[in-house]
Structure formats: structure tokens, C-alpha cells
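**Student:** 828 is the number of the first residue of the sequence shown in the working numbering; add one for each residue after it.
Here a beta-carbon is modelled for each residue, glycine too, at the ideal position from N, C-alpha and C.
Before I ask anything, let me first share the structure, which is written out below as C-alpha cells.
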Amino acid sequence: MNQLTGLVTGPTLLSYIEVPSLQDHNDIADCNNIATRSADLGHHRYADPKGWFEEYARTLNFLGWSLYGDTLHTRTQHIVSGSVADLLVESAQAMRDSRQANAMIDTLDTLKTNNPAMLSLDKETREGETFQIIPARYDLQGNLNIALYKLELSVDLRRRSFLFWNWEKRSASIVQRKAFLKLNRRELDSKRMLIKKKLDEHLMKRFALRKGIVS
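Okay, structure coming up:
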């Protein structure tokens, strides 16, 4: 019990397919913190989600996360029938990796019982107007990989705990952008002084999600 399943920070929900080392957990959170701040300074989070997403990914790349194929994938649209949480699990199951689907279920289950984390995610995303889901895993070589999903929920009426609200058929749709990145630890290590400086200037709240802990 108390196994770490993910993290909520800013407009982002991280899902851990494997429990990361403490260093990797902190590095993911630190890099996300700096990339979010950089994107917020350069682009309006809600009025320009495409520009925001591109700046976020560029900042991660600068910090040592290499972009697969140097490509940000174009947007796709999905009709939500049920909850966004259900859609996330279905999308993970479609990846044909049972670990990813199981990890997403664990992350969402722990988020649902963590009221401070859910309230923060609602606030930082304007109840799902635009948010990020980031599954993280290790590959066979031990490299840390993340899939970055930028999502925009379009509905007539916003709801708290937007991930778990059961939307009526065709009353909600989601636009998705995505990218895949791998951490170059040597490159990240060369940026640690800069990372510390940026975190001293601005640090977002972080909510670790753990099995068996209710907040």
C-alpha cells in the first residue's frame, strides 16, 4: 500500500506505469513545473492551447527530453460518451499494453479520493477546458519515457471533478494533441543549476497520488 501511482501539479495529471525512482519522480515534476511556467509566459493557456503546447514541449526538449521524430502530432477529436476518465482508460487499453491501462485505472482511483488534488486540477484547468495527461514508464534500457497528451474538453456547462462527470451522449467532445519524449539524463544533469534557479523563482503545488491514502 501507499504505492505512488501518479502526481497532480498545475494543469497536469501524471500516471506512473511503473513506480519511478524518487529522483525521476522529482525530475519529472521539476521539468513540468518549468515547462508549464514557460508556456504560460509565452501563450495564453486557454486562448492559445496550440501555441502553449508547442512552447511546453520545446521547453522540455531544452531541459533534456528528446522528442521522438522531432514531431508534435496533429490534433484529433473524440466524442465523450460517459466520463473523461472512462475515455482515458479506453485509450490506454487501445495501446495494447495492459500495464498502461492498469496504471491509468490506479492513478484515477487515487485521484478520485484525493480532494485537494482534484480541486487543484479543477482550478488549474478551468474544470477541464484544457489539461494534460502524462503517462510515464521505463523502456527496456531503463530510459524514462513520457507520452504527453494535451486535451481540451468542450462542453456547454462546466462541472467540478470534470474527469469523473458522466456526460450525456454527444454533450461533450475532446480535442487531443500528443507528443512522445525520452529523457536524456546527461543533458538534464547539465541543466540542474538552471532548474534550481527557475524553481526558486516559481514552484507549483504538487499532490502525490498514493494507493490507500484518502485526503
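(1) Under three-state DSSP, which class holds ARG864?
(2) State the DSSP-derived secondary structure class of ARG1013, mapped to helix, strand or coil.
(3) Go through the stretch 915–973 residue by residue and report every complete run of the alpha helix (DSSP H) that reaches 4 residues or more, in order.
(4) For PHE1034, report the span of its beta strand (DSSP E) as first-last.
(5) So within the stretch 972–1010, which uninterrupted beta strand (DSSP E) runs reach at least 3 residues, ignoring any that extend past its ends?
(6) To which residues does DSSP link TYR843 through a beta bridge?
(7) Is the separation between the beta-carbon of TYR843 and that of ALA866 shorter than 8 Å?
(8) Where does HIS852 land, buried or exposed, given buried means 16+ other C-beta within 10 angstroms?
(9) Taking the Cβ atom as the reference point for each residue, do PHE1034 and PRO962 lie within a distance shorter than 8 Å?
(10) Just to confirm the assignment, what range does the beta strand (DSSP E) spanning GLY909 have?
(11) Which residues does DSSP list as the beta-bridge partners of TRP892?
(12) Using alpha carbons as the reference points, say which of TYR965, ALA928, HIS870, ARG926 lies closest to ILE855.
(13) The alpha helix (DSSP H) with LEU1026 in it runs from where to where?
(14) What residue does the beta strand (DSSP E) around GLY837 start on, and which one ends it?
(15) Measuring straight from C-alpha to C-alpha, what distance separates SER925 and VAL916?
(16) Rounded to whole angstroms, what's the CA-CA distance from LYS1005 to LYS877? Just pull it up for me.
(17) Considering only residues of the same chain and omitting the five flanking positions on each side of LYS996, which have a CB-CB separation below 7 Å?
(18) Indicate the three-state DSSP secondary structure (helix, strand or coil) for ARG873 in the structure shown.
(19) Can the beta-carbon of ILE1014 be found closer than 8 Å to that of GLY891?
(20) Tell me whether the stretch 932–943 and the stretch 980–987 touch, counting them as touching only if at least three CB pairs, one residue from each stretch, are closer than 8 Å.
(21) Tell me the DSSP secondary structure of GLN850 in three-state form.
**Tutor:** This is what the structure holds:
(1) Note: ARG864 maps to helix in three-state DSSP.
(2) helix
(3) 925–939, 942–952
(4) 1034–1037
(5) Runs of the beta strand (DSSP E) inside the stretch 972–1010: 994–1010.
(6) ALA963
(7) no
(8) It counts as buried.
(9) Cβ atoms of PHE1034 and PRO962: not closer than 8 Å.
(10) 900–909
(11) LEU1010
(12) TYR965
(13) 1019–1028
(14) Counted as a single uninterrupted DSSP element, the stretch harbouring GLY837 is not any beta strand (DSSP E), since DSSP gives it neither H nor E.
(15) If you take the alpha carbons of SER925 and VAL916, they lie about 10 Å apart.
(16) 11 Å
(17) SER908
(18) One point to set straight first is that residue 873 is Tyr, not Arg, in the sequence displayed. It is coil, neither helix nor strand.
(19) In the sequence on display, residue 1014 carries Glu and not Ile. Going by C-beta atoms, GLU1014 is nearer than 8 Å to GLY891.
(20) no
(21) Helix.
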